[in-house]
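Residue numbers (numbering that gives the first Met the number 0): 0 to 101.
Beneath this line is the structure, given in structure tokens, with notes to follow.
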Amino acid sequence: MIKLISLMKRKEGMTREEFAKWAVEEHSPIGKRFPGIRKYHISVLRADQPETEFDGVFELWFDSIEALDAALASPVGIEAREDAMAHASKRIHLRTEENIMV
Numbered sequence: 000m001i002k003l004i005s006l007m008k009r010k011e012g013m014t015r016e017e018f019a020k021w022a023v024e025e026h027s028p029i030g031k032r033f034p035g036i037r038k039y040h041i042s043v044l045r046a047d048q049p050e051t052e053f054d055g056v057f058e059l060w061f062d063s064i065e066a067l068d069a070a071l072a073s074p075v076g077i078e079a080r081e082d083a084m085a086h087a088s089k090r091i092h093l094r095t096e097e098n099i100m101v
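Shown next, in the form of structure tokens:
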């Protein structure tokens, strides 16, 4: 199983609460439409936490790297990327292979 982990920092002028609302209510419906997606988690920084380098972690699981690449190149992938770029000032993507220990 391949997992894409995306770390995002909200764009300047956007509150943490606005970022969380966008991530959960607006961006997640796009992510759910990725072709071949197996699992999808969004974690946003709690309001009571100090300022950090990132405000959210987006995790997307696929069967293979080929399935991930196809999803990112699809119309949904392009839509998700454009939406993220409009709401995030910084993004880092990690393509990982998950090893479950517990």
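Ideal Cβ positions, reconstructed from N, Cα and C, are used throughout, including at glycine.
Remember, it's a predicted structure, so these values are computed and weren't measured experimentally.
*In angstroms with no decimal places, state the Cα-to-Cα distance between Asp62 and Arg37.*
Near 7 Å, if we compare the C-alpha coordinates of Arg37 and Asp62.
*asked:* Helix, strand or coil, according to DSSP, for Leu44 in the structure here?
replied: Collapsing the DSSP output to three states places Leu44 in coil.
*Look at the Cβ atom of Leu59, then the Cβ atom of Gly30, and state whether they are nearer than 8 Å.*
Between Leu59 and Gly30, the CB-CB gap stays under 8 Å.
_Member of Val43, Ser73, Val23 whose CA lies at the smallest distance from the CA of Pro34_ = Ranking Val43, Ser73, Val23 by Cα distance to Pro34 puts Ser73 first.
*Buried or exposed: Leu93, going by 16 or more other Cβ atoms within 10 Å of its Cβ?*
The residue in question, Leu93, is exposed, as its Cβ has fewer than 16 Cβ neighbours within 10 Å.
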